[in-house]
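One structure below.
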Amino acid sequence: ALCCLPLEAHSLLVAGYAHGRLNAWELEAGRPCTPPQWEEAHAGRVSALAAISGGTSLLSASSDGLIKEWALDSSNLGELRAVFPGHRAAVSAVATQLWGRNLFLSGSHDRTMCLWDLRQGTVASRWQQKDWVTCVEFHPTMQDRILSSDKAVHQWDLRKPGTPPLLSSHKHHKLVSCFRLDPMRLASCSLDGSVKVSSLEEPAVRVASPMASPQSSPQLGPAPVPTEVHNALRGLTSLTAAGGDVCTLTRKSDYVLSIDFDATSLLAGSIDGHVDIYD
Numbered sequence: 562a563l564c565c566l567p568l569e570a571h572s573l574l575v576a577g578y579a580h581g582r583l584n585a586w587e588l589e590a591g592r593p594c595t596p597p598q599w600e601e602a603h604a605g606r607v608s609a610l611a612a613i614s615g616g617t618s619l620l621s622a623s624s625d626g627l628i629k630e631w632a633l634d635s636s637n638l639g640e641l642r643a644v645f646p647g648h649r650a651a652v653s654a655v656a657t658q659l660w661g662r663n664l665f666l667s668g669s670h671d672r673t674m675c676l677w678d679l680r681q682g683t684v685a686s687r688w689q690q691k692d693w694v695t696c697v698e699f700h701p702t703m704q705d706r707i708l709s710s711d712k713a714v715h716q717w718d719l720r721k722p723g724t725p726p727l728l729s730s731h732k733h734h735k736l737v738s739c740f741r742l743d744p745m746r747l748a749s750c751s752l753d754g755s756v757k758v759s760s761l762e763e764p765a766v767r768v769a770s771p772m773a774s775p776q777s778s779p780q781l782g783p784a785p786v787p788t789e790v791h792n793a794l795r796g797l798t799s800l801t802a803a804g805g806d807v808c809t810l811t812r813k814s815d816y817v818l819s820i821d822f823d824a825t826s827l828l829a830g831s832i833d834g835h836v837d838i839y840d
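Okay, so the sequence shown: first residue is 562 according to the working numbering, each after it adds one.
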């Protein structure tokens, strides 16, 4: 699977695959419940999944250049509701609003990020990047701010399509493979093998350095790793903070493909199958 999405409201887990298929399982029982129409959901690899706020439908993005909306209701699970053409190359990312059901974002190898209106089924706004758009997301607290990534993480003004980014940070040597954010922090990882962390708070209200967790870790460093998780930190070469704003964890080699964090820990998964845990 290239992507997966738990849908707790429906007790489902959905996954997307390189050959264009979507699969679904019942979370509690672990039984497959894939609708027949998902066998050939796309004509290319499924690269991203997102649920519409309220859990009424699922969005899937694909290298076939399309985004599709699928019903999640138990009575018509998997029914195709809409197709969104508009990108000129593979669609690599999709994200939905936390506070509404009508807008979603997509990013593509055509180097554009698009804002879509579900009610109209069309592109409402478009922004241009210098390289492939690898990830997109709505800001968790600022409704007029959106984010995307190529070799850096960019913040844009939702109200001003076509304008340059308001801020570009987390500058990597290669494409950003994933970023995650909450109201306080932004974390990104890259095909250059590094992980970067910074604060999203205004400097005047910050209570901790981006090198510390909200629960008082004095510095960002390797956490004790459970025996079932391989600790690949032997490849760690440096831990630096650029200008006090962005903390960079640099590895010797291997793509870092996924990242996530909570209040106390940050996890990063690399292409070699290792998971690193930082406190």
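Where a beta carbon is used, it is the ideal one built from N, C-alpha and C, also for glycine.
Model, not experiment: these values are computed from the prediction.
Backbone secondary structure at residue i - three-state DSSP
i	result
Glu-569	helix
Pro-725	coil
Pro-596	coil
Gln-716	strand
Arg-706	strand
Arg-606	coil
Glu-587	strand
Ala-579	coil
Ser-614	coil
Leu-761	coil
Where the beta strand (DSSP E) containing residue i begins and where it ends
i	result
Ile-838	836 to 839
Glu-698	696 to 699
Ser-819	817 to 822
Ser-814	It is not in any beta strand (DSSP E) - Ser-814 carries neither H nor E in the DSSP assignment.
Ser-738	737 to 742
Ser-826	It is not in any beta strand (DSSP E) - Ser-826 carries neither H nor E in the DSSP assignment.
Leu-563	Neither: Leu-563 is in no beta strand (DSSP E) and is coded neither H nor E.
Leu-747	746 to 751
Straight-line gap, residue i to residue j (C-alpha atoms, nearest Å)
i	j	result
Leu-574	Ala-612	11 Å
Gly-615	Val-758	30 Å
Lys-735	Leu-761	23 Å
Ser-572	Leu-566	11 Å
Arg-687	His-733	24 Å
Lys-712	Ala-654	15 Å
Thr-825	Leu-627	38 Å
Asp-821	Ser-635	30 Å
Leu-728	Arg-606	31 Å
Leu-641	Gly-682	14 Å
Val-790	Tyr-839	Caution applies to Val-790, whose pLDDT of 38 falls short of 50 and renders its modelled position unreliable; the value that the coordinates give is listed next. Distance between the alpha carbons of Val-790 and Tyr-839: 12 Å.
Ile-832	Ser-819	9 Å
Leu-666	Arg-592	31 Å
Leu-563	Leu-583	10 Å
Thr-657	Leu-676	10 Å
Val-684	Gly-668	12 Å
Nonlocal neighbours in the same chain, by C-beta distance under 8 Å from residue i, ignoring five residues either side
i	result
Val-807	Ser-730, His-731, Lys-757, Val-758, Ser-759 and Pro-771
C-beta neighbour in chain C for residue i, strict 8 Å
i	result
Ser-819	Note that chain C does not occur in the displayed structure, where there is just one protein chain.
6 Å Cβ shell around residue i - same chain, five flanking residues per side excluded
i	result
Leu-679	Asn-663
Gln-598	Gly-639
Ala-585	Leu-573, Val-575, Cys-594 and Thr-595
Leu-752	Lys-735, Leu-736, Ser-738 and Tyr-816
Lys-629	Ser-621 and Val-644
Own chain, CB closer than 7 Å to residue i, minus 5 neighbours either side, in chain order
i	result
Glu-589	Ser-572
Trp-693	Ser-653, His-670, Arg-672, Asp-711 and Leu-736
Ala-604	Gly-581 and Asp-625
task = Starting from the N-terminal side, write out each stretch of the beta strand (DSSP E) that is 3 residues or longer and does not extend beyond the region 621 to 700.
result = 628 to 632, 641 to 645, 652 to 657, 664 to 669, 673 to 678, 683 to 689 and 696 to 699
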